[in-house]
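**Student:**
Numbering (the numbering used here), first residue to last: 1 to 89.
(1) Identify the residues that DSSP records as bridge partners of residue 4: which are they?
(2) Is the number of C-beta pairs between the stretch 78-87 and the stretch 33-50 that are closer than 8 Å three or more?
(3) Identify the continuous beta strand (DSSP E) that holds residue 48 and give its terminal residues.
(4) What runs of the alpha helix (DSSP H), each 4 residues or longer, lie entirely inside the stretch 15-61?
(5) For residue 62, collect the residues of the same chain with a Cβ closer than 6 Å to its Cβ; drop the 5 residues on either side in sequence, then sort them by chain order.
(6) Measuring alpha carbon to alpha carbon, tell me which of 48, 71, 81 ends up nearest residue 57.
(7) For residue 73, which three-state DSSP category applies?
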């Protein structure tokens, strides 16, 4: 996943999904609740409990399997980027 580094705020935190989590994915005009996105992708309840969510200064940047938040997506004006890769064994 690629991010616009200049838009990120401290701290960057990787945490599990919480009920009520919502953000505006890149390419969308309004926020979406992760719960609805999980239902559309058929993610089971037990998987959701440990689903990784990356936050920046308390706002959602990314959730596994979904687009980066529009606020943090790189644009042609991006000066510095940050690439984060998920590695699972």
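Don't be surprised by glycine CBs; every beta carbon is placed ideally from N, CA and C.
**Tutor:** Put simply:
(1) Numbered from 1 along the chain shown, position 4 holds the residue referred to as residue 4. DSSP output for residue 4 lists 81 as bridge partner(s).
(2) The stretch 78-87, when compared against the stretch 33-50, does not touch it at the 8 Å Cβ threshold.
(3) Stepping through the chain shown from its first residue, residue 48 is reached at position 48. Element bounds for residue 48: not the beta strand (DSSP E) but the alpha helix (DSSP H), 45-48.
(4) Fully enclosed alpha helix (DSSP H) runs of no fewer than 4 residues occupy 34-41, 45-48 of the stretch 15-61, in order along the chain.
(5) The count along the chain shown starts at 1 and reaches residue 62 at position 62. For residue 62, where only same-chain residues beyond five positions count, the Cβ hits under 6 Å are 1, 54, 68.
(6) Taking the chain shown and counting its residues from 1, the one referred to as residue 57 is at position 57. For residue 57, the nearest C-alpha among the options comes from 71.
(7) Residue 73 sits at position 73 when you count from the first residue of the chain shown. Coil, per DSSP.
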